[in-house]
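Undergrad: In the working numbering, the protein residues as written are 233 to 323.
My questions will all concern the structure given below.
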């Protein structure tokens, strides 16, 4: 894969993460258990962020994903860290 192709994939990942921001914010504001769609969204963010070189987003999404996998609601600080990591992505 060329560098140009890899950067195109990274750009698609960033765009998708930014699209996911509003649904994630809305869910976090409710304090309720995540829907299956939100759980998939968070899980995919955690995995892909590491692959595409966004360690802060990977760590934040992984903490939230771990809480969801344990059947609990993530800590508010982990939710804030996830939002901040998405917002910090290059546009």
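We treat Cβ as the ideally placed atom computed from N, Cα and C, and that holds for glycine.
These numbers were taken from a predicted model, which means no experiment stands behind them.
(1) Could you give the first and the last residue of the continuous alpha helix (DSSP H) run that contains residue 244?
(2) Kindly indicate which residue of 237, 261, 322 and 233 has the alpha-carbon position closest to the one of residue 310.
(3) For residue 287, does the three-state DSSP call read helix, strand or coil?
(4) Alpha carbon to alpha carbon, what distance is there between residue 243 and residue 252?
(5) Note down the Cα distance separating residue 275 from residue 318, rounded to an integer number of angstroms.
(6) Taking residue 256 and residue 314 to be in contact with their CB atoms under 8 Å, please state how far apart those CB atoms are, rounded to whole angstroms.
(7) Given a threshold of 16 other Cβ atoms within 10 Å of its Cβ, counted over all protein chains shown, does residue 270 qualify as buried or as exposed?
TA: Here's the rundown:
(1) For the purposes of this step, residue 244 is taken as residue 12 along the chain shown, with counting starting at 1. Note, residue 244: alpha helix (DSSP H), 235–262.
(2) Taking the chain shown and counting its residues from 1, one reaches residue 310 at position 78. Cα-wise, what sits closest to residue 310 is 261.
(3) Taking the first residue of the chain shown as 1, we reach residue 287 at position 55. Three-state DSSP puts residue 287 in a helix.
(4) In the chain shown, the residue the question calls residue 252 occupies position 20. In the chain shown, the residue the question calls residue 243 occupies position 11. Distance between the alpha carbons of residue 252 and residue 243 is about 14 Å.
(5) Within the chain shown, the letter at position 43 stands for residue 275. Within the chain shown, the letter at position 86 stands for residue 318. Whole-angstrom Cα-Cα distance: 14 Å.
(6) Taking the first residue of the chain shown as position 1, residue 256 is located at position 24. Taking the first residue of the chain shown as position 1, residue 314 is located at position 82. That pair is a contact at about 7 Å.
(7) Here residue 270 is taken as the residue at index 38 of the chain shown, counted from 1. Burial call: buried.
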